[in-house]
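Following my numbering, the numbering of the sequence shown begins with 22 at its first residue and continues without gaps. For each residue, glycine too, the CB sits at the ideal point set by N, CA and C. Below is one structure, written out as structure tokens; the observations come after it.
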Amino acid sequence: MKTHPLYLNGEFILTEDSLPVRNPATGQIFARMSICARETVGRALDDAHRAFPAWRVIPGKSRGDFLLRIAAELERRKEEIARVITLENGKPLTQSQGEVAMTVDHLRWFAEEARRGYGRIVPPQTEGKRHLAIKTPLGVVAAISPWNFPLMLAGRKIAPALAAGCPVVLKPASATPVCAALFAECVHTAGLPRGVFQLVAGAASEIGAEFLEHPRCRKITFTGSTEVGRILIAGAAAQVKPLSLELGGHSPVLVFDDADLARAVEGTMIAKFRNTGQSCIAANRIYVQRSCAEKFIPAFLERARALRVGHGLDPGVDLGPLINSAAVDLALSHVADAQGRGAKLLCGGRRAGDAGGAFLEPTVLLDVPGAALGMCDETFGPVAYLNVFDTEAEAVERANDTTYGLAAYVFTRDLNRAFRLMESLEAGMIGINDGLPTASNAPFGGVKQSGWGRELGVEGMDAFLETKHVSLVVG
Ligand code: ADP
């Protein structure tokens with residue numbers, strides 16, 4: 022069984038200690054990942070700091086060329102990397118292939134953005150003065166990525182930071198470190214200068230503490246739970262360390278009776294079941310206007326029932342396993358809680374597949390009271406909570422009745438309604454007739470307790486740049 026190395030200051034390092042990586046479809050260990058203690062993370066941050074002066078002065082175009090070479094290498098190895106994503110995360114292979122392709126696109130987008138760290142020249146208010154707002158890279162960046170899109174969400178942090186001129190130290194989730202190790206190989210082949218990208222792994226709280234407390238680490242960019250986000254916010258106070266946080270979500274879907282129903286069903290299926298429901302922008306609460314409920318609900322149910330559950334490497338599978346057995350237990354506890362409060366189970370609600378795997382049947386519940394656990398907390402699984410509403414005002418109120426604010430989805434053909442809702446829904450991303458609103462060139466992030474800052478788009482690189490005002494007296 023292969024043990025994958027860390028990537029420290031340009032070298033692949035196998036350490037004495039390693040952690041097992043399991044295939045959630047079987048529960049079997051298929052690889053191991055080297056791990057390190059806090060001192061090694063500190064050294065990585067110091068080495069990154071040493072690499073910073075040379076990296077920041079390379080012209081953006083040349084930094085972009087490095088990113089293009091990483092993208093080319095990922096593309097060359099896409100089948101192998103997609104297979105690894107499926108092995109460690111469980112998602113169907115086609116979705117892993119999509120994840121690699123999206124990561125390549127993120128790298129290419131930021132390769133181009135690397136040329137555009139524009140500042141501005143501001144007209145003076147006092148004669149003889151000149152004012153420049155210039156952008157400079159903020160320094161060493163620590164990236165902490167989750168297991169649900171293990172390659173893409175790491176790439177979404179690494180690419181803009183490198184483009185901006187910042188070295189990066191990545192800590193992947195312990196459940197899915199292997200694709201990060203393969204990414205490091207791609208970086209190495211692309212010839213990045215030593216120390217500009219490094220990979221560490223190990224105990225999250227220790228590594229997180231080192232990122233927070235090491236003065237050379239100038240920013241932490243994190244995707245994960247709101248709970249861990251709060252730990253980072255508290256820890257960042259001591260050094261007033263900047264954070265980008267992409268946290269949990271509880272996305273509503275609003276289906277209006279003026280929608281194209283086929284499109285609404287299709288979009289809701291994607292928003293709910295992509296990645297087996299383990300996405301921060303997954304649809305959690307689905308609200309259907311009463312006047313179209315009789316058409317929408319049976320059509321949605323039929324599609325949900327038809328989803329094929331199985332090993333992600335098997336052809337034709339729609340839903341892979343959840344990340345582990347505890348995740349299935351959590352989802353089932355939410356289902357039981359909803360039923361206990363009077364919700365009707367329309368399908369699913371049971372474990373599926375082989376005993377060793379973390380499989381759950383696609384599950385649909387109707388008339389779920391707002392106090393049910395799954396209506397408040399993320400279920401992070403293939404469980405759909407359907408409810409019926411009457412008016413637009415009611416739909417908006419219920420959609421916004423959450424501490425989260427990541428994504429929201431609306432299905433309507435009424436342009437006026439679309440505009441009203443894009444303004445009134447409290448979410449950082451709004452899909453209108455679109456169940457998959459993410460794109461490399463558009464900002465991604467949340468409002469309320471779903472996080473701070475934006476990834477992707479021009480905002481994605483700006484997150485790693487400081488704005489400096491330079492005032493000159495001329496003449
Ligand atoms: P999820 O389980 O949804 O991925 P987590 O927030 O638990 O969400 O994990 C996201 C990432 O944060 C993972 O890489 C995990 O190892 C890391 N992490 C967990 N706890 C901490 C912590 N105390 N400090 C820093 N990172 C952490």
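- The alpha helix (DSSP H) runs of length 4 or more contained entirely in the stretch 168-213 are, from start to end of the chain, 173-185, 199-211.
- A residue is called buried once 16 or more other Cβ atoms fall within 10 Å of its Cβ, and L436, having fewer, is exposed.
- About 6 Å separates the beta carbons of L275 and A420, which is inside the 8 Å limit, making them a contact pair.
- In this structure, the CA atom of L114 is about 49 Å from the CA atom of H490.
- Not one heavy atom of the ligand ADP lies closer than 7 Å to the C-beta of L493.
- Note on N110: 16 or more other CB atoms within 10 angstroms of its CB, so buried under the neighbour-count rule.
- With respect to C207, E94 sits close: the two C-beta atoms are nearer than 8 Å.
- Going by C-alpha positions, E487 is about 11 Å away from P263.
- Beta-bridge partners of E32 (DSSP): L29.
- Three or more beta-carbon pairs drawn from the stretch 175-189 and the stretch 210-229 are found closer than 8 Å, and the two stretches are therefore classed as touching.
- In terms of CA proximity to L351, L394 leads the group T247, L394, T289, Y139.
- In the DSSP assignment, F317 falls outside any beta strand (DSSP E) and lies within the alpha helix (DSSP H) extending over 311-326.
- The beta carbons of I302 and V309 sit no closer together than 8 Å.
- Distances from the alpha-carbon of G270 to those of F465, A194, T384 put F465 closest.
- With 16 or more other Cβ atoms inside 10 Å of its own Cβ, A292 counts as buried.
- Assigned with DSSP and collapsed to three states, A259 falls in coil, not helix or strand.
- The DSSP-derived three-state label of E37 is coil.
- If the five residues before and after L29 are omitted, its C-beta is found closer than 6 Å to the C-beta atoms of A65, Q219, all from its own chain and listed in chain order.
- If the five residues before and after V62 are omitted, its C-beta is found closer than 6 Å to the C-beta atoms of V221, I228, E231, all from its own chain and listed in chain order.
- In the DSSP assignment, the residues bridged to A405 are V385.
- In this structure, the alpha-carbon of Y406 lies about 27 Å from that of T107.
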